[in-house]
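S.K.:
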Amino acid sequence: MRILFTVWPAAAHLYPSVPLASALQAAGHEVRVASRPSLAGAITAAGLTAVSLVDEEALARSTGAGKAASGETEQTWARLTEAVDIDPLDLVATHVWRCHRDYAVAALHDLQPVDAVAAEPQPVVDELVRLCRSWSPDLVLWDPTMPASAVAAREVGAAHARLLWGLDHVGWSLDRLAGRPAAVESSGDEDPVVTAVRAMADRYSLPFDDELLHGQWTVDPMPSSMRLPTDRRVLPMRWIPYTGSGTVPAWLQEKPERLRVALTLGSSMRAFSKDSTPLIANLLRALGDLDIEVVATLDASQLAGIDHIPANVRTVDYVPLTQLLPTCSAVIHHGGYGTLCAAAAVGVPQIVAIDGDQVMEGPVSAHFLDEAGAGLLLRHQDCSVDDIRKMVTGVLEDDSFRRGAVSLHRDLLAAPGPAEVVSVLERMIPSHRNSD
Numbered sequence: 015m016r017i018l019f020t021v022w023p024a025a026a027h028l029y030p031s032v033p034l035a036s037a038l039q040a041a042g043h044e045v046r047v048a049s050r051p052s053l054a055g056a057i058t059a060a061g062l063t064a065v066s067l068v069d070e071e072a073l074a075r076s077t078g079a080g081k082a083a084s085g086e087t088e089q090t091w092a093r094l095t096e097a098v099d100i101d102p103l104d105l106v107a108t109h110v111w112r113c114h115r116d117y118a119v120a121a122l123h124d125l126q127p128v129d130a131v132a133a134e135p136q137p138v139v140d141e142l143v144r145l146c147r148s149w150s151p152d153l154v155l156w157d158p159t160m161p162a163s164a165v166a167a168r169e170v171g172a173a174h175a176r177l178l179w180g181l182d183h184v185g186w187s188l189d190r191l192a193g194r195p196a197a198v199e200s201s202g203d204e205d206p207v208v209t210a211v212r213a214m215a216d217r218y219s220l221p222f223d224d225e226l227l228h229g230q231w232t233v234d235p236m237p238s239s240m241r242l243p244t245d246r247r248v249l250p251m252r253w254i255p256y257t258g259s260g261t262v263p264a265w266l267q268e269k270p271e272r273l274r275v276a277l278t279l280g281s282s283m284r285a286f287s288k289d290s291t292p293l294i295a296n297l298l299r300a301l302g303d304l305d306i307e308v309v310a311t312l313d314a315s316q317l318a319g320i321d322h323i324p325a326n327v328r329t330v331d332y333v334p335l336t337q338l339l340p341t342c343s344a345v346i347h348h349g350g351y352g353t354l355c356a357a358a359a360v361g362v363p364q365i366v367a368i369d370g371d372q373v374m375e376g377p378v379s380a381h382f383l384d385e386a387g388a389g390l391l392l393r394h395q396d397c398s399v400d401d402i403r404k405m406v407t408g409v410l411e412d413d414s415f416r417r418g419a420v421s422l423h424r425d426l427l428a429a430p431g432p433a434e435v436v437s438v439l440e441r442m443i444p445s446h447r448n449s450d
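Residue 236 in the numbering used here sits at position 222 of the sequence shown; the count goes up by one each step and never skips.
1. Could you give the uninterrupted runs of the alpha helix (DSSP H) lying entirely in the region 231-313, keeping only those of 4 residues or more?
2. With DSSP as the reference, identify every bridge partner of E44, one or two as the case may be.
3. Rounded to the nearest angstrom, how far is the Cβ of S347 from that of V330, given a contact under 8 Å?
4. Alpha carbons only, please: which of E169, T87, S414 and W22 is nearest the one belonging to G202?
5. Would you call Y332 buried or exposed, if buried means 16 or more other Cβ atoms sit within 10 Å of its Cβ?
6. For I443, which residues from the same chain have a beta carbon less than 7 Å from its beta carbon, with the 5 sequence-adjacent residues on both sides left out?
7. Under 8 Å, do V139 and M214 count as touching if we go by C-beta distance?
8. Does the distance from the CB of R50 to the CB of L67 come in under 8 Å?
9. What residues are listed by DSSP as bridge partners for Q364?
10. Would L178 and V110 qualify as a contact pair, given that the criterion is a beta-carbon distance under 8 Å?
11. Kindly indicate which three-state DSSP category E440 falls into: helix, strand or coil?
12. Closest by CA to V308, which one among R328, A210 and L18?
13. Tell me, please, whether the region 341-359 touches the region 420-439 by the rule of three or more beta-carbon pairs shorter than 8 Å.
14. Give, in chain order, every unbroken run of the alpha helix (DSSP H) that is at least 4 residues long and sits entirely within the region 109-166.
15. Buried or exposed for L227, going by 16 or more other Cβ atoms inside 10 Å?
16. Ends of the beta strand (DSSP E) at G173?
17. Less than 8 Å separating the beta-carbons of A192 and A97?
18. For Q364 and Q89, what's the separation of their Cα atoms in angstroms?
19. Find the nearest neighbour of D205 within the set P137, D116 and G180, judged by alpha-carbon distance.
20. In this structure, does DSSP put A419 in helix, strand or coil?
21. Rounded to the nearest angstrom, how far is the Cβ of A264 from that of L122, given a contact under 8 Å?
22. To which residues of the same chain is V399 closer than 6 Å at the C-beta, ignoring the five residues directly before and after it?
23. To the nearest angstrom, report how far apart G370 and I320 are at their CA atoms.
24. Can you grab the Cα-Cα spacing for the pair L383 / E134, in whole Å?
25. Could you compute how far the alpha carbon of N326 sits from the alpha carbon of A314?
26. Out of curiosity, what's the CA-to-CA distance linking D124 and P270?
27. Which residue or residues does DSSP assign as beta-bridge partners of V65?
28. According to DSSP, is A32 part of a helix, a strand, or is it coil?
29. Contact defined as beta carbons within less than 8 Å: I believe A276 pairs with C342. What is the distance between those atoms, to the nearest angstrom?
30. Does the Cβ of H322 have 16 or more other Cβ atoms within 10 Å, making it buried, or fewer, making it exposed?
31. For R217, report the span of its alpha helix (DSSP H) as first-last.
32. Counting along the chain, where does the alpha helix (DSSP H) carrying R190 start and finish?
33. Measuring only the C-alpha atoms, how far is T278 from G376?
And the structure:
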């Protein structure tokens with residue numbers, strides 16, 4: 015069969031899909047991965063076939079992560095936030111909604127005009143429809159921020175499902191609004207995802223329904239303890255870490271003489287966060303006074319404002335986490351789902367370091383790590399260098415964090431692996447295709 019993956023153009027969105035794509039390919043299926051041209055190199059480096067969707071110049075004006083497109087849009091979100099009625103003390107719900115509002119919808123609008131109408135070109139959905147018409151996939155597995163894929167799949171009668179790369183921010187938020195119809199109606203607004211997908215469906219004279227928003231089912235690779243509640247059909251899959259490829263450096267092949275701690279702030283922090291120099295500087299000051307070895311995956315831009323690198327800190331631009339983390343006793347990171355699950359896969363305790371009013375997934379990741387006893391949240395604005403030092407020492411010396419990390423590891427292992435999921439997909443595809 016032919017399987018098309020569609021991925022928003024970022025490594026954090028691509029990497030979680032690689033193990034399933036590879037498993038399908040190994041089972042004899044034809045696999046292609048469609049994204050913007052900027053991701054083609056990473057796709058082919060993973061041993062997969064890339065399909066580039068439209069030139070960057072043809073795409074919609076980017077809303078920008080964490081930024082509203084206009085004052086009018088800000089007012090819309092204010093009314094929707096009131097309608098969704100989230101208890102401000104509910105940390106998970108609050109941050110899931112903020113991630114949906116400030117990042118997931120912004121990602122959608124990177125590929126879809128904010129004010130699209132059926133009669134005008136919509137480059138990404140048009141390109142996906144052309145691709146599906148020419149290649150005739152049996153199944154489309156799509157990124158939650160690319161619902162145009164569902165429209166294209168329906169246009170050609172292909173089965174289609176969402177493939178998550180983290181918590182289901184979009185699905186949870188849409189369901190939350192759908193459960194409060196009176197409040198949403200009185201606000202006079204609708205979620206921008208609904209508006210965008212309706213415009214895509216109208217362009218191809220297709221009926222608009224929940225299936226275009228949520229897929230016919232959802233493949234969810236997150237540990238069961240971290241899944242958001244949903245009534246949707248979910249196919250669990252074990253998260254198998256893929257963090258890029260590369261030759262193992264000689265120093266990483268040697269057993270560390272002291273406890274090793276990884277420090278990584280992720281590519282998304284480099285792209286979306288404000289200046290992280292104060293956070294990095296204080297982390298390095300705290301770690302430099304401990305009898306440990308630190309491997310910090312920080313690039314030149316992140317180190318530009320750092321005056322001193324402690325003697326026990328090795329800085330590297332990049333090393334795959336799948337090579338580094340098995341040698342570590344703890345990891346300090348930004349809370350990205352890929353890093354969290356890579357650490358969980360090898361049972362390593364974690365510290366999530368966030369700076370200021372961070373609206374990405376860090377607080378939610380830290381919440382679930384704390385519930386599992388596998389890690390802690392480090393709020394930089396509330397911590398002195400000495401506080402950071404004590405926190406790292408505690409995670410390294412308190413065996414309860416190792417036990418919590420092992421428990422999270424077991425939770426991860428409880429789901430079927432990608433190879434097992436392939437056989438399930440093979441059985442599901444025929445009944446979800448529409449040959450009309």
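In this text, a Cβ means the ideal position worked out from N, Cα and C, and glycines have one as well.
M.R.: For this structure:
1. 264-267, 280-286 and 291-302
2. R16
3. Going by the sequence as given, residue 347 is His instead of Ser. Contact between H347 and V330 is absent: CB atoms are separated by about 15 Å, not below the 8 Å threshold.
4. T87
5. exposed
6. M15, D152, L153 and A173
7. yes
8. yes
9. Q364 pairs with V345 and G389.
10. Taking 8 Å as the Cβ cut-off, L178 and V110 do not qualify as a contacting pair.
11. In this structure, E440 counts as helix in the three-state DSSP scheme.
12. R328
13. yes
14. 119-125 and 137-149
15. buried
16. The question names Gly, but residue 173 is Ala in the sequence shown. Element bounds for A173: A173 to L177.
17. no
18. 38 Å
19. D116
20. helix
21. Incorrect: roughly 44 Å between the Cβ atoms, too far for contact.
22. N296, R299 and A300
23. 19 Å
24. 46 Å
25. 18 Å
26. 43 Å
27. In the DSSP assignment, V65 forms a beta bridge with A48.
28. The amino acid occupying residue 32 in the given sequence is Val; Ala does not appear at that position. Note: V32 maps to helix in three-state DSSP.
29. 5 Å
30. exposed
31. Note, R217: alpha helix (DSSP H), P206 to R217.
32. H183 to A192
33. Taking the straight line from one Cα to the other gives about 13 Å.
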